[in-house]
Structure formats: structure tokens, C-alpha cells
Amino acid sequence: MTPLITIRGVTKRYGDAGRPMVALENVDLEVAAGEFLCLLGPSGCGKSTLLNAIAGFLRPSAGTIEVGGVPVTGPGPDRGMVFQEYALFPWLTVAANVGFGLRIKGVPRTEIALRVERLLAQLTLSEFRHRYPKDLSGGMRQRVAIARILALDPPILLMDEPFGALDALTRSNLQDELLRLWEQFRKTVVFVTHSIDEAIHLADRIVVLTYRPGTVKRIVPVTLPRPRDVSSPEANILKREVTALVMEEQTRFRQQETTGSPA
Amino acid sequence: MRGAVIPVLVLALWQGLAAGGVFNPEVLPAPLAVAVRWWAYLTPDQPFDPTRDGFLSWLLSGEMVGDAAASLYRVLVGFAIGAGLALPLGLAMGASRLAFEVFNPLVQVLRPIPPIAYIPLAILWFGLGNPPAIFLISIGAFFPVLMNTIAGVQTVDGIYIRAARNLGAGPVTLFLRVMLPAAMPYILAGARIGVGTAFIVVIVSEMIAVNSGLGYRILEAREYFWSDKIIAGMLTIGLIGLAIDSFMTRLSDVLLVWHRGPDS
Ligand SMILES: Nc1ncnc2c1ncn2[C@@H]1O[C@H](COP(=O)(O)OP(=O)(O)O)[C@@H](O)[C@H]1O
Ligand SMILES: [Mg+2]
Chain S
-8 MTPLITIRGV TKRYGDAGRP MVALENVDLE VAAGEFLCLL GPSGCGKSTL
42 LNAIAGFLRP SAGTIEVGGV PVTGPGPDRG MVFQEYALFP WLTVAANVGF
92 GLRIKGVPRT EIALRVERLL AQLTLSEFRH RYPKDLSGGM RQRVAIARIL
142 ALDPPILLMD EPFGALDALT RSNLQDELLR LWEQFRKTVV FVTHSIDEAI
192 HLADRIVVLT YRPGTVKRIV PVTLPRPRDV SSPEANILKR EVTALVMEEQ
242 TRFRQQETTG SPA
Chain U
4 MRGAVIPVLV LALWQGLAAG GVFNPEVLPA PLAVAVRWWA YLTPDQPFDP
54 TRDGFLSWLL SGEMVGDAAA SLYRVLVGFA IGAGLALPLG LAMGASRLAF
104 EVFNPLVQVL RPIPPIAYIP LAILWFGLGN PPAIFLISIG AFFPVLMNTI
154 AGVQTVDGIY IRAARNLGAG PVTLFLRVML PAAMPYILAG ARIGVGTAFI
204 VVIVSEMIAV NSGLGYRILE AREYFWSDKI IAGMLTIGLI GLAIDSFMTR
254 LSDVLLVWHR GPDS
């Protein structure tokens, strides 16, 4: 089966040429259609950089990214992005936020209203349709952000620590909801997290990244049957394995922080 | 209620001193005299005569109504011109580095010049009457709106732009549907300052270039030593200024229902 997303030799350097900071080095990765992939690693290891490169917000310094065989040159509605900060438009109501993508595409208003209502119902947001984002809780806002992306029905969802700012209970509810939507709509998901539990709960495969430069350290397949119980013995075995991998990078991170070795 | 204590005390003291003949009434009239004069200024000079005109036009035929209308008309036109020029320029300067670099030096040189300092030039260019007044008022309104619009566009959170581009927004959509609304709190704050400045400038320019309006009226009253009318006119100016400011506040509250407040 040909992968939907192909990442070849992607390197990203920040800063000036004299003293570059290598955020990503020679990353090779393939994501199959319909797969739920988690990018896991300590903060600063380049997860957002990789996701933003797939989204088309930044160009790799070297290497290529292809989606469906077409090189990525910029952002596109085939790759819907969900940000940790929600990034809802505060001047638009919930319904108008969800309809934004359709609106600027020139879809007729009646059809927009129809599709927005359906999505709001699916994400239990209907009663908030006329509210503004400032009046919603974090969990609700992230639901709206997901609905806003789903409105355009993109084959790929890119999610950058979308539940990172939420409390544990809301977070776990949204994880289940996301899995439900993923199964229902058969999306391909690239999901960034630094939570090992979250990755094991969600992913078909976990990509553990190294810290500075960011490379693929290990790809861990998660074959636990869904719905998953993250506290089962099998999950715990996996958790120990993944934790060990992440800890190695976390330790390198601390050492670099304290010794201040060149970035 | 507690807020009324001091004003009442001041008025009582003032009235007491005036009644006691402490001040020459041409210098400082009694507050009651001011109130009487204010009422006379507000109400029609002629008794109502149904054969001549309608009741409403009679009711509004008082001198103050005409003065206030003349002043507000100048504020409105001057503000519309000033803000109407400042908004597109500010949007361009906020959104485009090039536009900013081209226009900013000139803006920085002209901005510190108080609108009042344009009076000689205004009279030289436009003579007397409404045109110089409106010119001065538009300058007064121009800079606050311009500066705030630039700042508003420049501080639009980049994440809104990324989110919109991800949803398929091109440059025009980005500008009209993201940058403009995101900058709206700043723009409206600038408009509020601009209207306030316009109101200051209208009073000054009416003292110099025009023969009508609230500013003209209090200067005219001075020539007759009508200190009660001067203060009545000042009172009117204060009340109208307050009304304009509350209107602007109300307007931005309505337009910015979505907004969290200045700290977000
Ligand atoms: N725009 C940028 N300019 C310079 N350095 C950056 C920039 N963005 C990210 N970095 C650096 O690149 C590294 C990876 O960042 P990021 O991809 O955000 O990591 P993560 O999402 O895993 O926390 C970090 O060390 C960060 O400081
Ligand atoms: Mg990140």
C-alpha cells in the first residue's frame, strides 16, 4: 500500500547560517491512509516543526514531504490543523467559526448552515452555536476547532498537542471523542503529544523522536485492541518500553540545559 | 448618591458667596444665574405660534440647539474625513512592511504637531467658515485612528493567520476577514480618541474661523461680559462631550461583544 504522507530526509535548521540550530535532521517517515500516528518526545525535540512542515507553514531546509504523491508547497485544506491554543476566531460565533472554511470557499449559505448544524450536533455543540469563544471552556473550544476542520472534510488531521492545556477528565473525554470521529470519518491523523499515556491510548504507531537534533529514534506499533484500557497489563508493558525511550531523550535534554552545550 | 455630596457642597458654597456679593457677577455669576441662562439658551426665543411653524421645529429653534447642531455637524464631517483617510492608510501600514517604511517617517514628523498649530495655514488655505474648521478637525481625528489602526494590525496574533491560511484563506480573505476584525478593538479605541480630539478641535476652530457653534458662542458672550452665558455654554460643551464619549463606548460594546477586554 502506498503511504498517504511521505517524508524523506527532512532537515530543518533555525537561526543564521553561522550558528544554526538543527531542529530536525534527516527525518524519514511514512504515514498510511487511515492511520493514527503519534509523534512523541520531550518538549523542544521538533514535533511542532515536523507537523508545521507537513501543514506547509514552514519549508524544510532539506528533504521533501509529499501528500498523496504531491509535494507540499504551502498550507492547504486537505491537511486540517488543530492547535493547542485552539486558534478560534474570537470575533465569530461557534457556528461562524465552524462555517469559516466553507464560507470562504463560496459554498452556498443554506448548505453551510446544514453542514455546520450536523457537525455541531456530532460534537455536542449545538446549544452553543451562537456563543463566542470567550464564553466557552477549553474543552468546548477545542471541540469547535475540530469541528471547524472537519467542516472541510480534509483527509488528514494534523494536531499539535490539542489536549495539552486541558484538565485530565476533559482530556480523556476528548480523546475518546476524537477516536470516535476518526473511526467514523476514516481520517489520517498525525497527532503530536508529549504524554505517553495519550500516545498509547490513541496511536496505531508511536514515533519517538530524539532531542536536538530531532530524528526518528524508534517507531513503536501499538497493537492493543480498541477501545483501549491504558491501565491493562499489556498497556503497561508497552508504557514501560516507551517511557524508557522517552526518558533517554529527556535526560539528554536536561544535560544540554544544564551544561548549556551548543544548540 | 455619595457622588452627589461634593458637587452639591461646591454649588451651595458658590451660590452663598455669590449671593453675599463677594464676586463681581460679571466675573463669576451665581450658579442659579447660570442655570437660568442655560435654560434661556436652550429654549426658543419666540413664543409658539402655530400659524408660523410646527411644534417640533419651534421646540428646536433655541440658540443652543442650533449651535450644538453646527458643532456636531463639523465634528461628524471632519471625523468622517480624517478617519476615512486614516483607516485605509493604517491598514496598509500595519499589514505591509513596505507601506510602513514609506509612510512612517512622514507620519512621525507630522504627528506631534498639534492640530491647533495648523490654524494659520487652515485660514490661509481655506479662508473662513466651515472648510478650515473641518480641515482642522479631520487632522485631529486622523492621527489617533491611524496610530491605533497600525498597532492593531501589527499585533494581530499570528495563530489566527495560520489558522485561516490552513482553512484556505487567500490574501484578500485574510485581510478582510481576519486582520480587520482582529484589529477592531484597537481601531475602535483609536476612533474614540479621535472623536474626542475632534470635539476639542471644533471648539477651538469655532473660536477662530467660524461664526456659529458652541465655541463661537462662548467667545461671543465674553464680548458682552455675559459670564453666566459663558459658563452655560461650557456646561453644554461638557455635556455634549460626555454624550459623545458614552455613545462611542456603547458603540464599541456592541461591536465588540466577542471581545474579552483590553487584557486579552
Ligand atoms: N521559529 C523558530 N526559530 C528558532 N528556533 C525555533 C523556532 N521554532 C522552534 N525552534 C526551536 O526548534 C526546536 C524544536 O522546536 P519545536 O518543533 O517547537 O519542538 P516541540 O514541538 O517538540 O516542543 C526547539 O529547540 C525550538 O527552540
Ligand atoms: Mg510544540
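Chains as they are written, first to last, in this note's numbering: chain S, -8 to 254; chain U, 4 to 267. C-beta atoms are modelled at their ideal positions from N, C-alpha and C, and glycine is treated no differently.
The C-beta distance from Ala136/U to Val213/U rounds to 5 Å, short enough to fall under 8 Å.
At least one CB atom of chain U sits nearer than 9 Å to the CB of Tyr123/S. For the stretch 145 to 167 of chain U, residues whose beta-carbon sits nearer than 9 Å to a beta-carbon of chain S comprise Asp160, Ile162, Tyr163, Arg165, Ala166, Ala167.
Residue side-chain check: Val237/S keeps its Cβ at 8 Å or more from all non-hydrogen atoms of ligand 2.
Within 10 angstroms of the beta-carbon of Ser141/U lie 16 or more other beta-carbons, which makes it buried.
Contact residues of ligand 1 (beta-carbon closer than 5 Å to any heavy atom; chain order) are Tyr5/S, Ala14/S, Ser34/S, Gly35/S, Cys36/S, Gly37/S, Lys38/S, Ser39/S, Thr40/S. Note on the stretch 212 to 265 of chain U: whole alpha helix (DSSP H) runs with a minimum of 4 residues are 217 to 226, 230 to 258, in chain order.
The residue among Arg168/U, His262/U, Tyr227/U, Ile162/U with its C-alpha nearest the C-alpha of Glu29/U is Tyr227/U.
In this structure, ligand 2 has a non-hydrogen atom nearer than 8 Å to the beta-carbon of Val183/S. Going by DSSP, Leu14/U is part of the alpha helix (DSSP H) stretching over 8 to 22.
In this structure, Trp41/U keeps its C-beta atom at 9 Å or more from the C-beta atom of Tyr123/S. For Thr158/U, no alpha helix (DSSP H) segment is defined, and its DSSP state is neither H nor E. Residues of the stretch 24 to 57 of chain U whose Cβ lies closer than 8 Å to any Cβ of chain S: none. Measuring C-alpha to C-alpha distances from His192/S to each of Val221/S, Ala235/S, Gln175/S, Ile210/S identifies Val221/S as the nearest. The secondary-structure analysis by DSSP pairs Glu57/S across a beta bridge with Thr(-3)/S, Pro62/S. Put simply, the CB of Val181/U is near chain S, with a gap under 9 Å to one of its CB atoms.
Per DSSP, Pro123/U lies in no beta strand (DSSP E) segment; the continuous alpha helix (DSSP H) that holds it begins and ends at 122 to 129. In terms of side-chain proximity, the C-beta atom of Asp151/S is found nearer than 8 Å to a non-hydrogen atom of ligand 2. Inclusion of Ala98/U and Val156/U in the CB contact set at 9 Å is warranted, their separation being smaller than that value. Within a 10 Å sphere around the beta-carbon of Val199/S sit 16 or more other beta-carbons, which makes this residue buried. Only residues of its own chain outside the window of five on either side were considered, and among them none has a CB closer than 6 Å to the CB of Leu109/U. Of the residues assessed, Ser74/U falls on the buried side of the cut-off, its CB having 16 or more other CB atoms within 10 angstroms. Annotation: Pro224/S to Glu232/S spans about 13 Å, alpha carbon to alpha carbon. Contact annotation: the stretch 148 to 164 of chain S touches the stretch 126 to 139 of chain S, with at least three C-beta pairs closer than 8 Å. Rounded to whole angstroms, the gap between the alpha carbons of Pro34/U and Tyr163/U is 56 Å. Scanning chain S for C-beta atoms nearer than 7 Å to the C-beta of Trp261/U yields Pro81, Trp82, Tyr123, Lys125, reported in chain order. Within 7 Å of the CB of Ala172/U, the CB atoms of chain S belong to Ile95, in sequence order along the chain.
In chain S, no part has a C-beta under 8 Å from the C-beta of Met4/U; the shortest such distance is about 34 Å. A Cβ-Cβ distance of about 17 Å is found for the pair Pro11/S and Tyr202/S, leaving them out of contact under the 8 Å criterion. From the beta-carbon of Gly129/S, no residue of chain U is found nearer than 7 Å; the closest lies around 14 Å away. Met72/S reaches chain U at Arg165, Ala166, Asn169, counting residues in chain order whose Cβ is nearer than 8 Å. Taking Ser208/U as the centre and dropping the five residues before and after it, the same chain places the C-beta of Arg77, Ile122, Ala125, Pro135, Ala136, Leu139, Ile140, Gly218 closer than 8 Å to its C-beta, in chain order. The alpha-carbon separation between Trp61/U and Gly216/U amounts to approximately 19 Å. Burial check for Trp82/S: the Cβ neighbour count within 10 Å reaches 16 or more, so the residue is buried.
Between Phe91/S and Ala46/S, the CB-CB gap reaches or exceeds 9 Å.
Judged by DSSP secondary structure, Leu127/S falls outside any alpha helix (DSSP H); it is assigned neither H nor E.
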